[in-house]
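2 protein chains.
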Amino acid sequence: MMQSVTLDDTQAIAIGAGILGTGGGGSTYLNRLRLENELRRQGRAVPILQADDVPDDALVCAVGGMGAPTVSNEKLQAGDEIHTAVRALENHLRQKIHAIVIGEIGGGNALGPMVAALQLGLPVVDGDGMGRAFPELQMDTFMIYGAAPAPFALADSHGNVSIFTRIGSAEQAEEFARSLTIEMGGSAALVMPVMTGAQLKATIIRDTVSLAKRIGDAVLKCRAGSIEPAETVAALCQGKVLFTGKIIDVERRTVGGFARGRLIISAFDDYQRQLEIDFQNENLIARSNGNVLCTVPDLLTLVTLEDGEPIGTESLRYGLRVAVLAMPAPKELKSPAALAVVGPRAFGYDVDFAPMPGDLL
Amino acid sequence: MMQSVTLDDTQAIAIGAGILGTGGGGSTYLNRLRLENELRRQGRAVPILQADDVPDDALVCAVGGMGAPTVSNEKLQAGDEIHTAVRALENHLRQKIHAIVIGEIGGGNALGPMVAALQLGLPVVDGDGMGRAFPELQMDTFMIYGAAPAPFALADSHGNVSIFTRIGSAEQAEEFARSLTIEMGGSAALVMPVMTGAQLKATIIRDTVSLAKRIGDAVLKCRAGSIEPAETVAALCQGKVLFTGKIIDVERRTVGGFARGRLIISAFDDYQRQLEIDFQNENLIARSNGNVLCTVPDLLTLVTLEDGEPIGTESLRYGLRVAVLAMPAPKELKSPAALAVVGPRAFGYDVDFAPMPGDLL
Numbered sequence: 275m276m277q278s279v280t281l282d283d284t285q286a287i288a289i290g291a292g293i294l295g296t297g298g299g300g301s302t303y304l305n306r307l308r309l310e311n312e313l314r315r316q317g318r319a320v321p322i323l324q325a326d327d328v329p330d331d332a333l334v335c336a337v338g339g340m341g342a343p344t345v346s347n348e349k350l351q352a353g354d355e356i357h358t359a360v361r362a363l364e365n366h367l368r369q370k371i372h373a374i375v376i377g378e379i380g381g382g383n384a385l386g387p388m389v390a391a392l393q394l395g396l397p398v399v400d401g402d403g404m405g406r407a408f409p410e411l412q413m414d415t416f417m418i419y420g421a422a423p424a425p426f427a428l429a430d431s432h433g434n435v436s437i438f439t440r441i442g443s444a445e446q447a448e449e450f451a452r453s454l455t456i457e458m459g460g461s462a463a464l465v466m467p468v469m470t471g472a473q474l475k476a477t478i479i480r481d482t483v484s485l486a487k488r489i490g491d492a493v494l495k496c497r498a499g500s501i502e503p504a505e506t507v508a509a510l511c512q513g514k515v516l517f518t519g520k521i522i523d524v525e526r527r528t529v530g531g532f533a534r535g536r537l538i539i540s541a542f543d544d545y546q547r548q549l550e551i552d553f554q555n556e557n558l559i560a561r562s563n564g565n566v567l568c569t570v571p572d573l574l575t576l577v578t579l580e581d582g583e584p585i586g587t588e589s590l591r592y593g594l595r596v597a598v599l600a601m602p603a604p605k606e607l608k609s610p611a612a613l614a615v616v617g618p619r620a621f622g623y624d625v626d627f628a629p630m631p632g633d634l635l
Numbered sequence: 275m276m277q278s279v280t281l282d283d284t285q286a287i288a289i290g291a292g293i294l295g296t297g298g299g300g301s302t303y304l305n306r307l308r309l310e311n312e313l314r315r316q317g318r319a320v321p322i323l324q325a326d327d328v329p330d331d332a333l334v335c336a337v338g339g340m341g342a343p344t345v346s347n348e349k350l351q352a353g354d355e356i357h358t359a360v361r362a363l364e365n366h367l368r369q370k371i372h373a374i375v376i377g378e379i380g381g382g383n384a385l386g387p388m389v390a391a392l393q394l395g396l397p398v399v400d401g402d403g404m405g406r407a408f409p410e411l412q413m414d415t416f417m418i419y420g421a422a423p424a425p426f427a428l429a430d431s432h433g434n435v436s437i438f439t440r441i442g443s444a445e446q447a448e449e450f451a452r453s454l455t456i457e458m459g460g461s462a463a464l465v466m467p468v469m470t471g472a473q474l475k476a477t478i479i480r481d482t483v484s485l486a487k488r489i490g491d492a493v494l495k496c497r498a499g500s501i502e503p504a505e506t507v508a509a510l511c512q513g514k515v516l517f518t519g520k521i522i523d524v525e526r527r528t529v530g531g532f533a534r535g536r537l538i539i540s541a542f543d544d545y546q547r548q549l550e551i552d553f554q555n556e557n558l559i560a561r562s563n564g565n566v567l568c569t570v571p572d573l574l575t576l577v578t579l580e581d582g583e584p585i586g587t588e589s590l591r592y593g594l595r596v597a598v599l600a601m602p603a604p605k606e607l608k609s610p611a612a613l614a615v616v617g618p619r620a621f622g623y624d625v626d627f628a629p630m631p632g633d634l635l
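The listed protein sequences correspond, in order, to chains A and B. Here my numbering is used: the first residue of the first sequence is 275, the next is one more, and so on. Here my numbering is used: the first residue of the second sequence is 275, the next is one more, and so on.
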């Protein structure tokens, strides 16, 4: 188990988080630079805490960035949005936060919370609420398994902060937060939910920071040995390489605060053999000749063929040579309660979830 | 000076507030019914407090309804939105509110705060921040003369509450609150700004509740004597009857959370003699043959010819026989600082403000 995150870990975690990000969760590149800057500036590591070491009555909060990755890559952050939002919530609650929880381990949202934790002088819990990335805020195990949607805080790069003190449901929270995020310019820091240590332990997907690091280490080892990393990563995650080929079409639009679209990959040896993937910030469903091969909540990630670099949905482009990884979701995402929120039907697809064998962790 | 508002006062205040509302501020009809219900239910009057009797260090807050009147007339309120928002702010600030301040005296927004005051057990200050109604929240004397935009609270009919704890400017507050109001269904309760008694006394437009009552009393007296009330009201408000005639065209759309549009009135004796009025929730500018006759912040109100009933912009329709009242704005709205926010240029009209002689109060 990890004890801390130092400058030696950032590259591996960024790669691993990108692979768990299934195309979303925000840029790992920008947040890795921000994390390395903050580590250098503070001259100390990010302490990593095991979920089971959080006292039952301590207060923790999940944090992350909200918005379309297409926007977050171009709109500059102030850099202290999460810090500002956490302090505002502490002030509102008149209670100190004991530790920072990563809302989604996928993409840059694995790293942004570490920057905030350094600024706040707090540890980060090893785990998260998704084991991957999802586009909407009700789609985490904390909300699925009963955390209260209020209070939650939203902060933008201009220092504006809003605390929602009463909210009817997590879905309502998503609608308000999305609308306000758009008004804030398309990206914002979200602090949600606030939980006790006992709630955290009952709902968190454990050890995903460590998993991201292991995945990244494996990729870096392959690169050092000039081995294509896809098969190695797939094996490490109980998954498989679903397809390899070249991206031949990307249809993309930023709508309602999301990066939505579809891509088509064609096999190297047979142009007619194609894989089609739909995404909403994250890759949602893979089809070939009308057959559904993989859907949420199982993980679908594109990596570059040669060096296993994960490709965010905002970076998809014609001509990229890719491997498509399919990896089983963590078991916490496969209960009936979870599938009602993160299964294919929750995203508007009229198909049942046919789980891949195994669990991510 | 008024000491209280009882069931004997509600009709007159509703008429007077409607006339000061310049077409906006929400339905006086619905809020009058709500106020009468609450007065009966509680069996006591709304205490009215003079601004100068508020202690300098006491905390007060302005309150009102936000949204397009076209929406507020059809979307049911829970009835306790303002109450909920004030209590949430008190809890956030850990301080009790001493008195309720009417954000805008115009329209139903004069009466809604009285309902909330009864629910909260608080008095209402005789005065407001506009002396009329305006479409945007930065357009009151509290914000114009330096009140802090945060914290402010927004609550909807489902009990959802958001407190904005840090906001860069009143204009930014307007954008966030408008966007969230739309997400809340098009209407919401707004509590803003929170002020000390000292700040209140430096910025409030005094005695406008009493003025609304006097205007309403005058209209009711005219009705009892079968006299058309327009000239009487105009004289009472230092204004004039700008035009009488029949509405021959109304162009209306609900856009960006506002009721926007234009109407044309034709004189009874000469169809070609016409008055054209633009509105954004409230009537903004009156023109005839390309000549500007009256603009914000001076007041433009349509009343029915026979009985002086004020006509909200949401109730304009072909065929109504109306008198158009033009009344000078209160002096607090005519400083350079105020005109920058509520003058014709602030609404996108390339004309200077040519004030009518006199002041409303």
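We treat Cβ as the ideally placed atom computed from N, Cα and C, and that holds for glycine. What you are looking at is a predicted structure, and each value in this text was computed from that prediction instead of being measured.
Per-residue contacts from residue i into chain B (C-beta, under 9 Å)
i, result
"leucine 454/A", "Ser436, Phe450, Ser453, Leu454, Glu457"
Contacts of residue i in chain B (Cβ-Cβ under 7 Å)
i, result
"histidine 432/A", "Gly442"
Per-residue contacts from residue i into chain A (C-beta, under 8 Å)
i, result
"glutamine 446/B", "His432, Asn434"
"histidine 366/B", "His366, Ile437, Thr439"
"alanine 407/B", "Here the premise fails: no neighbours, minimum Cβ distance about 24 Å."
"alanine 422/B", "The contacting residues do not exist; alanine 422/B stays about 13 Å from chain A at best."
"alanine 362/B", "Thr439, Arg440"
For residue i, the three-state DSSP class (helix, strand or coil)
i, result
"cysteine 636/A", "Because chain A spans 275 through 635 in this model, residue 636/A falls outside it and cannot be assessed."
"serine 625/B", "Reading off the sequence, residue 625/B comes out as valine, not serine. Valine 625/B: coil per DSSP, three-state reduction."
"arginine 406/A", "coil"
"serine 278/A", "strand"
"proline 291/A", "Looking at the sequence provided, one finds alanine at residue 291/A rather than proline. Helix at alanine 291/A."
"proline 387/B", "helix"
"arginine 308/B", "helix"
"leucine 350/A", "coil"
"threonine 575/B", "strand"
"isoleucine 418/B", "helix"
"serine 301/B", "coil"
"valine 328/A", "coil"
"threonine 296/A", "coil"
"leucine 224/B", "No statement about residue 224/B is possible, as the shown extent of chain B runs from 275 to 635 and does not include it."
"alanine 462/B", "strand"
"glycine 380/A", "coil"
"alanine 342/A", "coil"
"isoleucine 374/B", "strand"
"alanine 427/A", "strand"
"arginine 318/A", "coil"
"serine 484/B", "helix"
"leucine 411/A", "coil"
Cβ neighbours of residue i in the same chain (closer than 6 Å, five flanking residues each side left out)
i, result
"glycine 519/A", "Ile539, Ser540, Ala541, Phe542"
"tyrosine 419/A", "Thr477"
"glutamate 606/A", "Thr415, Ile479"
"isoleucine 522/B", "Ile538, Ser540"
"leucine 576/B", "Ile585, Val596, Val598"
Close beta carbons around residue i, own chain, < 8 Å, minus the five adjacent residues each side
i, result
"alanine 359/A", "Val337, Ala427, Leu428, Ala429, Val435, Ala463, Leu464, Val465"
"alanine 611/B", "Ile418, Tyr419"
"arginine 314/A", "Leu281"
"leucine 510/A", "Arg488, Ile489, Ala492"
"cysteine 335/B", "Val360, Leu363, Ile371, Ile374, Val375, Val465, Met466, Pro467, Val468, Met469"
"leucine 385/B", "Thr284, Ile287, Ala288, Ala291, Thr302, Asn305, Arg306, Arg308, Leu309"
Same chain, Cβ closer than 7 Å to residue i, five either side skipped, listed in chain order
i, result
"serine 443/A", "Pro423"
"proline 343/B", "Gly298, Gly300, Ser301, Ala533, Asn555, Gly586, Thr587, Glu588"
"histidine 366/B", "Pro425, Ile437"
Cutoff 8 Å: residue i Cβ touching any chain E Cβ
i, result
"aspartate 331/B", "Reference to chain E is not applicable here, since the protein chains of this structure are A and B."
Near the ligand FAD: residue i beta-carbon under 7 Å from a heavy atom
i, result
"leucine 367/B", "This structure lacks the ligand FAD, and indeed carries no ligand of any kind."
Ordered list of alpha helix (DSSP H) runs contained in the stretch 577-624 of chain A, each at least 4 residues: 610-616
Could you name each continuous beta strand (DSSP E) segment of 3 residues or more that falls completely within the stretch 492-573 of chain A, going from the start of the chain to the end? 514-529, 532-540, 548-554, 556-562, 565-569
Within the chosen definition, does the stretch 365-380 of chain B reach the stretch 623-635 of chain A through at least 3 CB pairs nearer than 8 Å? no
Inter-stretch contact (C-beta, 8 Å, three-pair minimum) for the stretch 497-504 of chain A and the stretch 574-585 of chain A: yes
Counting pairs of beta carbons, one from the stretch 317-326 of chain B and one from the stretch 396-403 of chain B, are three or more of them closer than 8 Å? yes
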